[in-house]
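Have a look at the structure below, then the notes.
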Amino acid sequence: MVQTIALAPFDNEVPMWMPIRVMEIELSAPQSSLNQTFDGYGQALALVRLHGVPVGIEKFSLIEGKLDPLDLKKAILKHHAHRIIRTLISKRLTSSLHHLLTPEDILTSLRSPPDPVDASLAVTVAVCTRDRATDLAMCLEALSRLRYPNLEILVVDNAASTDATRKLVHDRYPQVRYVLEPRPGLDWARNRAIQEAKGDIVAFTDDDVIVDPGWIDEIVRVFQEDATVMGVTGMVVPWELETEAQWLFERYGGFNRGFDPKWALLGTSHAHLAASRYIGTGQFGTGANMAFRKQVFESIGYFDPALDVGTVTSGGGDLEMFFRLLREGYGLMYEPKALVWHRHRRTRSELQSQIESWGTGFYAYLTRSAQAYPDNRFAILRFGFWWLWRHLRRYAAASIKPSPIPNELVMRELRGSLKGPFLYMKARKRSEDIRKRFGPLKSDAIERRTFPASRMHPDKDSVAVRTIDLQKGIPTIEELGSCHQIRLIVTWSGKPIGALNVNDVGPVLSAHRLRYEIADAFGLDLFSETDKLDKGVLWSKIIDGFIERCMPKADGSSSGYHARKLPPTCSVSVVIATRDRPDDLRECLRFLSRQRVSRPIDIVVVDNNPASGLTEPVVSAFPNVRLAVETRRGSSYARNCGIRLSTGDIVAVTDDDTTMPEDWLETLIAPFEQPDVGIVTGNVLPFELETQAQRLFEQYGGLGRGYIRWKADRDWFDEFTRKAVPTWYLGGTANVAFRRSIFSDPNVGLFEETLGSGVPTGVGEDTYMFYRALKEGYTVVYEPSAYVWHKHRKTMSDLQRQIYAYSRGHVAYHLTTLFRDGDFRALTALFYTLPRYHAARIRDYILGWTNYPLRLAFLEFAGHLAGPWAYWKAHRMVKRMGRSDGIRDSSQQTEDRSRNTGGNR
């Protein structure tokens, strides 16, 4: 089901999964990324960086394989502005401030190169591998491009069954040192790497990883700037998202641990708190990206060979080492700038096995740690039960609301978790057998050892107080002695700016960490008094200046869906359901006949009451319009009839009481150029506001959804963890178009016939169609420039009936998502959101905040109360009349058209 989409010239089929292009965008010079073309991809997942610092990950739509600069600008404004400003401030704080900051000050740093790293520390990069020469070749190719000069690359071939790895290293990478480790197990290989390493720092990565060229530079920078740090982990992002399994791995949790650095240092007197504070060491990263000072292993021991890949525990060796480091009082840091790219498992079966191994390895690690540290057993046991309970809740949550994560993955991890403790005991016995068979590695003990005399012993309660004057620069703070926390007073030229507490400090607090903490804590408070009079204006000045310098062309003048058209070979059908409104229908068809289009158009009018004889004479005046009949009353029945008889690749739907400009149809269908788009909605404007009823309908909410183009997808659908998904914000059937193929998707199908006008529920068929499409991963685009004019009800009696029907249908929609889709978020809407809405309506009227009539507010309330009864009646009605068949093949469509329309008409 995985395929790459390339429109040639138009592909009406939308697959369940489409590959996503992974890319980088360096904000200080984004033009190179914006100029790239990624043929065959409809979406991109971009790592957004500023001077190499990761500031976020953003998913973009690609238009003709290219990223729209306007979309990048929107992402910066919406998601990444805080980190961008913090990064710019932190960079500026590397030198003293002769005056308080101004926007120009921090923006000038955009063109300054990063500071070079001191290469005095020798580094060994160890790649532990087993029979994966193809993957290893990609890994070594990336390692050969590392910028750091004082570097040794070591490949440890673990219990190899062939000599392919040795040949690869010997023939293509003579600068790489090769070592064969016969003892099977990843941690045996890691321990051998530690023994063989010539560097002061030992960095580990995996054979399915592609490292960033500056990876080692950032690791070394941390070790040089902070003597208390003994271990460093870094960011791991996906190298590719070509299969659904790879994307599911990212959605399940992946390896990325965020964009903010983390420091952890407990010292010896606080080390007993490690289990209660940091037993979940996965928050710091993974073994695919970790580095240690070599000397620390002489103090805390080597990796436990009973853990990780190659043993029955299948994992946990990295997590256990992180915990042991902290439990023994040493410092650990997560540095997102130390970046690598990981090639996730490509198949569903591999993903399932990996997730199960996560559970096994994690609980094996917990078991090992509980054995090694008896005083922490209660805290570890408590966390183990909490983690199981968390996964049970996750399973239950996925059962009560639609989730992109298959429940089978949660169950696989739970199953692995239950096996973990038992398999660890089995693995310990096997590791002893291996030790007896091959002999021990030199210094392969894993138990903790005595601390060097130089280790810190901080007082649990002492807090150091220090003052930093930014005019003099930010130095490394030394001689903190036994303090575990510092109260930092920040001033400029003796004038206080503020104070902050920094936890988990050692005898030395690095300038690198101080810059980050100060920039993060104070931010805009570091600017001049004039600039920060209005922080909103200051924020805008910085971001506007940043965008102007980096993206001068990001004005959207020549980008976006509205500037593009589908190829003329893409055909369109327009379906209009009508019931005894000949005058409105005639005017609607007159406007439709004026559409400026460059493609075949098929217009189908469905008469939902042919016995009246009012519709046929109107349609007969338009020779290019086909007439179909649907005797079962209901707008969903009628629209489904028209959809089944339509011939277009795109099916547009509008109402008989609308009119539209000449470019409406081309503008509405333009977003379908993106292969992930399944539905496009447009704006609905009032045709007139001549009567009180028409004006009140607009005050009620109207049919328009604003003037800003936006889109909703499965990510948006999942943002609503407790509240119901507000699909009513997306538009309605007065102005909507569908990719025809979604109607043949069994999980989407045609309009729900228990919802809509003509049946007791009144409305809801459009919002439920949007709900199902989003749930299945389709994208819905709201394009306000594709607008129609709608004739609102003129009389108060008609308005009251309409509002009462809308209220019934809204409740029926939520009941449908509850009973049909098992989405328990509907209960929040029915018993929390709607009661609050009605209370607010009444409150606003009593307080004089609105002139919306109280009688209409009570009518809405009555409609909501009638919703369940209307829902039940509609189901009885549809059960009696029968449901429509789904989309048929071309031969059946031809037969239906002849029977229902009488040949050409």
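Using the UniProt record's numbering, the letters of the sequence shown map in sequence onto residues 1 to 905. Just so it is clear, CB atoms sit at the ideal spot from N, CA and C, and this is done for glycine as well. Every value quoted in this text rests on a predicted model; they were computed, and no experiment measured them.
For residue i, three-class secondary structure by DSSP
| i | result |
| --- | --- |
| Cys128 | strand |
| Phe451 | Summary for Phe451: the model assigns pLDDT 38, below 50, so the residue's position carries little reliability; its value from the coordinates is reported in the next sentence. Phe451: coil per DSSP, three-state reduction. |
| Val618 | helix |
| Thr578 | strand |
| Lys262 | strand |
| Gln674 | coil |
| Thr134 | helix |
| Ala44 | strand |
| Gln175 | coil |
| Leu101 | strand |
| Val169 | helix |
| Trp664 | helix |
| Asp206 | strand |
| Ile405 | coil |
| Ala379 | helix |
| Ala737 | strand |
| Met230 | strand |
| Met18 | coil |
| Lys59 | strand |
| Arg437 | helix |
| Glu529 | coil |
| Asp602 | strand |
| Leu685 | strand |
| Asn851 | coil |
| Lys198 | coil |
| Ile106 | helix |
| Pro507 | coil |
Unbroken alpha helix (DSSP H) run spanning residue i, endpoints
| i | result |
| --- | --- |
| Pro746 | From DSSP, Pro746 is part of no alpha helix (DSSP H); its letter is neither H nor E. |
| residue 911 | Absent from the structure is residue 911, since the part of the chain shown begins at 1 and ends at 905. |
| Ser32 | Gln31 to Leu34 |
| Arg801 | Met796 to Asp821 |
| Met769 | Glu765 to Lys775 |
| Trp728 | That residue, Trp728, is in no alpha helix (DSSP H); it is neither H nor E in DSSP. |
| Leu627 | Looking at the DSSP string, Leu627 is not in any alpha helix (DSSP H); the run it does join, the beta strand (DSSP E), is Val625 to Val629. |
Whole-number beta carbon distance between residue j and residue i, since they are thought to touch under 8 Å
| i | j | result |
| --- | --- | --- |
| residue 906 | Arg793 | Within the shown structure, residues of the chain are numbered from 1 to 905, placing residue 906 beyond reach of any answer. |
| Arg487 | Ile477 | Not confirmed; about 12 Å, so no contact. |
| Gln800 | Leu859 | 6 Å |
| Asp821 | Pro402 | 6 Å |
| Gly359 | Glu413 | 4 Å |
| Val220 | Tyr148 | 7 Å |
| Tyr178 | Val202 | Rounded, the Cβ-Cβ distance is 17 Å, inconsistent with contact. |
Sequence-distant residues of its chain with Cβ nearer than 6 Å to residue i (five each side left out)
| i | result |
| --- | --- |
| Gln674 | Gly42 and Ser61 |
| Ala81 | Ile543 |
| Glu242 | Pro19 |
| Val606 | Ala577, Ala628, Glu630, Ala638, Cys641 and Gly642 |
| Glu26 | Arg49 |
Own chain residues within Cβ distance below 7 Å of residue i, not counting five before or after
| i | result |
| --- | --- |
| Glu662 | Arg594, Gln595 and Arg596 |
| Ile887 | Arg644, Phe743 and Ser744 |
| Ala227 | Val508 |
| Arg83 | Val55, Gly56 and Phe259 |
| Met138 | Ile210 |
| Gly52 | Pro114, Gly214 and Lys337 |
| Ala396 | none |
N-terminal and C-terminal residue of the beta strand (DSSP E) that residue i is part of
| i | result |
| --- | --- |
| Ser161 | First-last for Ser161: undefined, no H or E at that position. |
| Ala786 | Thr779 to His790 |
| Tyr334 | Gly331 to His342 |
| Gln485 | Gln485 to Trp492 |
| Trp710 | Trp710 to Ala712 |
| Phe292 | Asn289 to Arg293 |
Own chain residues within Cβ distance below 8 Å of residue i, not counting five before or after
| i | result |
| --- | --- |
| Ala554 | Note that Ala554 has pLDDT 46, beneath the 50 cutoff, so the model's placement of it is unreliable and the number below is only indicative. If we look at Ala554 and ignore the five residues flanking it on each side, its Cβ neighbours are Pro69, Leu70, Leu72, Lys73 and Ile547. |
| Asp118 | Val220 and Gln224 |
Cβ-heavy atom distance, residue i to the ligand PLP, below 7 Å
| i | result |
| --- | --- |
| Ala227 | For the structure depicted, the ligand PLP is absent and the ligand set is empty, with no information on it obtainable. |
Open item on the list: Any contact between the segment 747–767 and the segment 865–874? By contact I mean 3 or more CB pairs, one from each, below 8 Å.
Closed with: yes
Task: the segment 645–665 / the segment 579–593 touching (three or more Cβ pairs under 8 Å) - done: yes
Open item on the list: Taking 8 Å as the cut-off, does the segment 178–192 touch the segment 151–170 (at least 3 CB pairs, one atom from each stretch)?
Closed with: yes
- [ ] Tell me, please, whether the segment 679–686 touches the segment 734–741 by the rule of three or more beta-carbon pairs shorter than 8 Å.
- [x] Remark: three or more beta-carbon pairs, one from each stretch, lie closer than 8 Å, so the segment 679–686 and the segment 734–741 are flagged as touching.
Open item on the list: Any contact between the segment 300–310 and the segment 320–335? By contact I mean 3 or more CB pairs, one from each, below 8 Å.
Closed with: yes
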